[in-house]
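Before any comments, here is the structure.
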Amino acid sequence: MHAAATSKRAARNASPAGFVSARATVLAMLVLAAFLVGPPARAQGDPSAAPVTFTLPTDADRAAHAALVPAGPPARPEGGFDLVAVENAALAQADMLPAELWEVDALADALGVDPEASFDFVRDHLAFDPYSGVLRGAAGALAARAGNAWDRALLLRALLEHNGHVTRLAFGELDDATSDTLLAAAVDGAPQPLADPDPGSVTTTNVQALAKRAWRDHALLTQALDASGVLETLGAAGGAMGGGGAAGAVVPNPREALRSHVWVQLEQLDGTWLDLDPSMVDAAPGATLTAVTGTADELPPEAQHKVVVRVLVETLEDGALQEVVSLEQSVVAAEAAGSEMWLYFQPEAQGLGGALLGALGEMKWLPVLLVNGKATTGTAFPLGSGSDDSFGSFFGGGGGAQLTRLRLELIARAPDGTERAAQRVLFDRVDPTLREAGAVTAETLAALPNEGTPTALASLHHVLVSTGGMSLREQAIGRAFAANFAGNDLKSEDAGSSYPLQDLLFPLAVADQAVVLASERVVVDGMSRPGMRAYVGGARAYVVSLTPFAGVENGTASIIDLALDGVAFVGAGGAAAEAQQRLWYGVLQGALETEMTLARARAVDPATAQMDSVSLRMGEALTVLRPGEAEGAPAAAAELRAALRAGEIAVTVGAVIPSAAFWAIEPATGANRAVVEPGLRIGFIGGGNYTNSSAGGPRYVIDPKTGNTIGHIKDGTHYRYGRAPTSRCGGGTEYVVILGCVSIPASMTVGMANAVVVTAIVSWAIAILELALY
């Protein structure tokens, strides 16, 4: 045995003889600590209201819910945003979430060296979610309070190895009867759920406002579907497997997802291996659900869920439209869920200073994916515009290939071989009727406007991966960090040229994460009821864009888009019942994006603010269109026509016009998405930038052995936070990708001074972070 293993054995030999008998006491203290946080908080925004759940509304609720009037944007606080209060409120939320129940290392310290204490914790306090492979990892499973056999095994292994034990993974195949037993247990959730605070008290979500909007939208939508004889037919075609809908099922056959089984083996003092499989509620050390077919010290790479980010560039060249993949990067879902991932576009030239922007001429452009400060560039493409619009004339053009469309494609790849894909059209210059007719030529293209190009190339797109395992505690501490950085460091006049892009965007990255956290904790978790559970069963991805706002000088807009979904259900009660759950879930997500959009209205000048979403239009008449009725829609309403041709039901909101808003619903599953042409499942808010705030803050704590941040201290309390501290960037005002530092892209500085870009980032970040106070 190698030296490390020998030292771990020695550590176990040195443990107190009576420790095993104390494991029940340790677990009881941990559970008690959760209860000492206090009873579930009452819903935000209404101290007198009872906590809100998001179980499927009944038919009897429909009439009352249809009459509800959702609230508008929250008022901006007089005197500006107090970021000291934001920071203090965020840390107060972190204090409600004991580190011992949210951080793997802290939990391992609390459980101690007795392996049965760790085994019992995973068995008793985590629900079983039936999905394939590794989706969340150890930390994500702890934060989610749930996981499948793989993620639960990784958590148990991490707890054991933290305390000096030697472990390995064991693999086997489950038969149908055992899989069915696990599925039945999954419906009931954790045998002993931890008494965490109500999510409304530790997130920035106004759950009362969200509930009112979702209830109203669902009532109006189901009324329209019922009147058209469609509602009761949802799910009648059978099958729990979703297609392109936002809420499509991610597990075609849950039993198959569970067939590949994994557990932990612990090396004992005599060199033998003890099986530790906490999957069943009555599991005991030494018992297994199946025979061992293999063991491994490391996790097989193919066991990981992955997300592929792909940028596709379409050009018109030699009279034909050609689309190529300009950038493609695959990320492990469990790692990406805690990453800061940004997509933007950049002139190809290196060493280009801000003063030289006017010399770009016919320069090519390339996509850049920035993941935790590391940039990956794609293949350069030409703009080739011959129009006289601001970008076309500014960056030259004429001759050669011409850019016609940019698409962002997101693909979720599961270990069982299944894939889900979604796209976000970032820019499309081609008239839909010409594209359908195959009549795109250089002449027809030259006659089309090109005003969308500046917005497409001057935007930042934040890709947020969701696995169900975002930590409430980590997010609360992150908000405190971000508020401090936005209120202090980013107020300096040279911030735009002194900090790398990843750090400039840090407050906005944390602020955007509130959307994911609310979706996982408030919406998905809130849908569960006795006998039925909703859970994230595959990688999801939000795209939150910061983009120039046309018509307002130096204005910016924020677009929220749940591009790729992966929510699943267990115990829903058949295809028809599950379809109703999926319909409700899609409405909840649309309401959440709208509420987040309304909250972000405080980032812009009220005189110029514009907001849009399907939910905000729900006061208009609803019309149900069945599959095959695409020809009744205007040709310019490309997304509406595409949905109908794909066999989806469309419920239009208001007039069927080129800028149509509608719900697209899969008849077989109830999966749905809210669409505002040209094809974004969005909440939209834009206007002139506004910010007015005060500052204050903590200090970082650095691990002297590694140089990595391990959190910060505020008022004598150490808050662990995994992100590296912000640092100033050498290289001056280089608007390019340079070694070790990525600063503001040249594309964003077109028409906006460097300081304006930073102001926009700060405005949006502060407005969102400040939600923690209300």
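Here the sequence shown stands for residues 0 to 773, numbered as in the numbering used here. Yeah, the Cβ is synthetic: ideal placement off N, Cα and C, and Gly gets one too.
Each residue's CA atom was taken as its position, placing V464 and R144 some 18 Å apart.
Straight across, the Cα-Cα distance linking E255 with A302 is about 14 Å. If you check the CB distance, R640 and A632 come in under 7 Å. A straight-line Cα-Cα distance of about 6 Å links D427 and T403. The straight-line gap separating the alpha-carbon atoms of G228 and L624 is approximately 12 Å. Taking C-beta atoms under 8 Å as the contact rule, A148 and V261 qualify, at a distance of about 5 Å. Taking a contact as a CB-CB distance under 8 Å, the pair T204 and V521 counts as one, their CB atoms being some 5 Å apart. The three-state secondary structure of L621, taken from DSSP, is strand. Under the three-state reduction of DSSP output, K211 falls in the helix class. When DSSP states are grouped into helix, strand and coil, N87 belongs to the helix group. In this structure, R601 is the residue among R601, E619 and P666 with its C-alpha nearest to the C-alpha of E77.
By the C-beta criterion, the segment 406-416 is judged to be in contact with the segment 534-549, since at least 3 inter-stretch pairs fall below 8 Å. A check of alpha carbon separations from T622 across E630, W662, T596 and D611 identifies W662 as the nearest. Counting C-beta pairs closer than 8 Å gives fewer than three between the segment 283-293 and the segment 190-201, which falls short of the contact rule. Counted as a single uninterrupted DSSP element, the alpha helix (DSSP H) harbouring G589 occupies residues A574 to R599. CA-CA distance, L168 to W364, rounds to 46 Å. With contacts defined as CB atoms closer than 7 Å, V186 and G530 qualify as a contacting pair.
In the assembly as shown, P300 is an exposed residue. Its beta-carbon has fewer than 16 other beta-carbons within 10 Å.
The C-alpha of A642 is placed about 14 Å away from the C-alpha of P431. For A74 and G554, the gap between their C-alpha atoms comes out near 20 Å. For L507, the enclosing alpha helix (DSSP H) has its first and last residue at F505 to L516. As summarised for the segment 428-491, the continuous alpha helix (DSSP H) elements at least 4 residues long and confined to that stretch are 431-436, 441-445, 451-456 and 471-486, given in chain order.
Residue burial is scored here from C-beta neighbours: G685 has at least 16 other C-beta atoms within 10 angstroms and is therefore classed as buried. Counting every other CB atom within 10 Å of its CB across the protein chains shown gives H164 a total of 16 or more, marking it as buried. The three-state secondary structure of M279, taken from DSSP, is coil. Within the DSSP secondary-structure output, E316 pairs in a beta bridge with A319.
For the set A91, D317 and L615, the Cα lying nearest the Cα of T716 is the one of A91. Residue burial is scored here from C-beta neighbours: L315 has at least 16 other C-beta atoms within 10 angstroms and is therefore classed as buried.
Per the coordinates, the alpha-carbon of T758 lies some 48 Å from the alpha-carbon of P253.
L768 places its beta carbon less than 7 Å from that of V85. Residue pairing from DSSP places V424 in a beta bridge opposite R406.
The segment 63-72 makes contact with the segment 210-219: 3 or more CB pairs, one atom from each, lie closer than 8 Å. M340 has its alpha-carbon roughly 36 Å from the corresponding atom of G437. A residue is called buried once 16 or more other Cβ atoms fall within 10 Å of its Cβ, and Q321, having fewer, is exposed. Closest in alpha carbon position to A335, among H304, A475 and T294, is H304.
Per DSSP, E301 lies in no beta strand (DSSP E) segment and is marked neither H nor E.
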